[in-house]
Amino acid sequence: MSAPLGKDLLGLEHLSAEQITLILDTADPLREISERAIKKVPTLRGATVLNLFYEPSTRTRTSFEFAEKRMSADTVNIATAASSVTKGETLVDTAKNLEAMKIDMVVIRHPSSGAARFLAERIESNVINAGDGMHEHPTQGLLDLLTLRRKFGTLKGKRVCIVGDVLHSRVARSNIWGLTKLGADVAVCGPRTLLPAAIAEFGVTVFDRVEAAIEWADALNVLRLQLERMTGGYIPSLREYNRVFGVTRERLDRSPRDLVIMHPGPMNRGVEIDSDVADGPHSVILEQVTNGVAVRMAVLYLLAGHAPALAEAAKGGDRS
Amino acid sequence: MPAAPTVVLNARALERTVARMADEIVERADGTEQLVLVGIQRRGVQIADRVAKVIADREGAQVPRGALDITLYRDDLQTVGPRPIIGKTDIPWAIDGKTVVIVDDVLYTGRTVRAALDELADFGRPARIMLAVVVDRGGRELPIHADVVGRVVDVPKGGRVDVFVSELDGRDEVTLVIAGEEG
Numbered sequence: 146m147s148a149p150l151g152k153d154l155l156g157l158e159h160l161s162a163e164q165i166t167l168i169l170d171t172a173d174p175l176r177e178i179s180e181r182a183i184k185k186v187p188t189l190r191g192a193t194v195l196n197l198f199y200e201p202s203t204r205t206r207t208s209f210e211f212a213e214k215r216m217s218a219d220t221v222n223i224a225t226a227a228s229s230v231t232k233g234e235t236l237v238d239t240a241k242n243l244e245a246m247k248i249d250m251v252v253i254r255h256p257s258s259g260a261a262r263f264l265a266e267r268i269e270s271n272v273i274n275a276g277d278g279m280h281e282h283p284t285q286g287l288l289d290l291l292t293l294r295r296k297f298g299t300l301k302g303k304r305v306c307i308v309g310d311v312l313h314s315r316v317a318r319s320n321i322w323g324l325t326k327l328g329a330d331v332a333v334c335g336p337r338t339l340l341p342a343a344i345a346e347f348g349v350t351v352f353d354r355v356e357a358a359i360e361w362a363d364a365l366n367v368l369r370l371q372l373e374r375m376t377g378g379y380i381p382s383l384r385e386y387n388r389v390f391g392v393t394r395e396r397l398d399r400s401p402r403d404l405v406i407m408h409p410g411p412m413n414r415g416v417e418i419d420s421d422v423a424d425g426p427h428s429v430i431l432e433q434v435t436n437g438v439a440v441r442m443a444v445l446y447l448l449a450g451h452a453p454a455l456a457e458a459a460k461g462g463d464r465s
Numbered sequence: 005m006p007a008a009p010t011v012v013l014n015a016r017a018l019e020r021t022v023a024r025m026a027d028e029i030v031e032r033a034d035g036t037e038q039l040v041l042v043g044i045q046r047r048g049v050q051i052a053d054r055v056a057k058v059i060a061d062r063e064g065a066q067v068p069r070g071a072l073d074i075t076l077y078r079d080d081l082q083t084v085g086p087r088p089i090i091g092k093t094d095i096p097w098a099i100d101g102k103t104v105v106i107v108d109d110v111l112y113t114g115r116t117v118r119a120a121l122d123e124l125a126d127f128g129r130p131a132r133i134m135l136a137v138v139v140d141r142g143g144r145e146l147p148i149h150a151d152v153v154g155r156v157v158d159v160p161k162g163g164r165v166d167v168f169v170s171e172l173d174g175r176d177e178v179t180l181v182i183a184g185e186e187g
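Protein sequence lines, in the order shown, are assigned to chains E and H. The first sequence begins at 146 in the working numbering and counts up one residue at a time. The second sequence begins at 5 in the working numbering and counts up one residue at a time.
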């Protein structure tokens, strides 16, 4: 009863290169479904997916919901403000309630690192991490990998620099794990206050100057600068951040090659990235969004192979 | 007790069979004007390519081709264990009002064809859908029949027919294995 991915997708740290490649290989042909007049395949008919969001999210939640609907799953969305509840208790409670409602999969976004694992260990349903605290955001990492792989053909030996607030970024962590496993050379670049103290342990190169990163890299993954970082004392001002670390046309023009530009969104135009770069010919930011739906369809498809309840239902078993 | 495979069609015979299938397809479709070939992943795609080549040679017409991967439409997905690898589906033109010929290597239970019919319906409404297979080995589990058949092969219980194409397998051949040899 072992699916290639196991029961849950919690992060990329513990996946093998083969498992990551399987997800990307599955996602690639699934892109085509979103191009059809009827954007739907019957694969997950009868499966119920719960989107459980303890943090605000438009892009990720919508992307998951499209993925679920295009695979014919039934979806329910629950958006909860985390502030009003005690995390641990609520999650346990939620888990019990979920089981009672006979759902098959849970997509969870939560402000606490480790929340997805906590849930996965307590329910039988498949759990997909849609971002947990500063830990991981595996489907974002996967869609970044797919976008780069489609662009370059392979990730082996490609130089990818993650620019910005690496410290608070689960996107950065998932990217570093995934890129490293698939053989890319990874670097980070940002103010020292926004890089983890133990960044060297990730085995990545560190650039203090974005000019140096641009000279080195084949692709930049520009992270969103969370505006509350300024009041937190991590950076002096947004203007200064843009002046020192902003990815601008002038800086890119000095590079010997055309860099692929990625951004997980939502963008602060004029802060971490300038508009003419974001909308420029080498930006793959909208492709990332398209690939996001395909990657999430692939994860749903692969994890559903591990759903004992679904297997029973298909055999005509009674689930009541 | 695995037996050695018997050759049902060698490369030359397979070529002749495919050529005859191509003629029959054009005949049944009343020409090539509305004709569209859709190969089922995997080996149906290569067979469809060859059929198209024969039609191009004899009729001077380039027949549109597409590929269909039916994995996501299978009726046994929940029970097959690890998820099957998904191949490429590519139907780059409208099929509404066309005569679509589904091309596959072996027709057995009919479940693959059922899935292909469902998937095609998501792309449009052809005027007519036909089925062309290199081998009909019997054993249908659904009310499905082929319009164009390369060869009918009587396969005893536990036996297997394999179509090999050089693009994927390095050789053109159709073989029959009598006893249940795994593979």
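Even glycine gets a Cβ: it sits at the ideal position worked out from N, Cα and C.
Rounded Cβ spacing between residue i and residue j (contact assumed at less than 8 Å)
i	j	result
G328/E	K296/E	That belief does not hold up - the Cβ atoms of G328/E and K296/E are roughly 15 Å apart, past 8 Å.
V137/H	L111/H	4 Å
I95/H	L135/H	Not confirmed; about 17 Å, so no contact.
I74/H	A119/H	4 Å
Beta carbon proximity, residue i to chain E, threshold 9 Å
i	result
E145/H	no
R87/H	yes
Q82/H	yes
K92/H	yes
G128/H	yes
Y188/H	Residue 188/H is absent from the model: chain H starts at 5 and stops at 187.
D2/H	Because chain H spans 5 through 187 in this model, residue 2/H falls outside it and cannot be assessed.
L172/H	no
D122/H	yes
Any C-beta of chain H under 9 Å from that of residue i
i	result
D170/E	yes
P336/E	no
T188/E	yes
K185/E	yes
I406/E	no
P174/E	yes
E177/E	yes
A182/E	yes
L447/E	yes
G450/E	yes
M216/E	yes
C-beta atoms of residue i and residue j nearer than 9 Å
i	j	result
I359/E	R396/E	yes
V316/E	G278/E	no
T284/E	V444/E	yes
R318/E	G156/E	yes
V55/H	V104/H	no
R215/E	S161/E	no
N274/E	L197/E	no
M407/E	S420/E	no
L81/H	T193/E	no
V11/H	R62/H	no
C-alpha distance - residue i paired with residue j, whole-angstrom precision
i	j	result
L175/E	D166/H	28 Å
V308/E	E177/E	31 Å
R46/H	M412/E	42 Å
R20/H	D34/H	21 Å
G437/E	L288/E	5 Å
S228/E	A260/E	Below a pLDDT of 50, predicted positions are generally treated as unreliable, and S228/E, at 45, falls in that range; the measurement from the model is reported next regardless. About 15 Å.
L18/H	G174/H	14 Å
E145/H	R115/H	7 Å
A439/E	R141/H	37 Å
V392/E	G450/E	42 Å
V67/H	A60/H	7 Å
A454/E	D249/E	Unreliable positioning characterises A454/E in this predicted model, as indicated by a pLDDT of 44, which lies under 50. The coordinate reading is nonetheless provided below. Their backbone Cα atoms lie some 7 Å apart in a straight line.
G144/E	E417/E	Given a span of 146 to 465 for chain E in the structure shown, any question on residue 144/E remains unanswerable.
R304/E	D173/E	22 Å
L172/H	D109/H	13 Å
I168/E	R337/E	34 Å
A8/H	D170/E	35 Å
F211/E	F168/H	39 Å
R294/E	H282/E	19 Å
For residue i, the first and last residue of its enclosing beta strand (DSSP E)
i	result
E263/E	Before going further, note that residue 263/E is Phe rather than Glu in the sequence given. Counting along the chain, F263/E falls outside any beta strand (DSSP E), though it belongs to the alpha helix (DSSP H) covering 260–265.
E269/E	Note, E269/E: premise wrong, no beta strand (DSSP E); not H, not E.
G70/H	69–72
G154/H	152–156
N366/E	364–367
L383/E	Careful: L383/E lies outside any beta strand (DSSP E), inside the alpha helix (DSSP H) at 383–390.
Host alpha helix (DSSP H) of residue i (start-end)
i	result
A60/H	47–63
N14/H	Careful: N14/H lies outside any alpha helix (DSSP H) and carries neither H nor E.
E373/E	373–376
G43/H	It is not in any alpha helix (DSSP H) - G43/H instead sits in the beta strand (DSSP E) that spans 39–44.
Interface residues of chain A facing residue i [CB-CB closer than 9 Å]
i	result
P149/E	Although the question refers to chain A, the structure presented lacks it and instead comprises the protein chains E and H.
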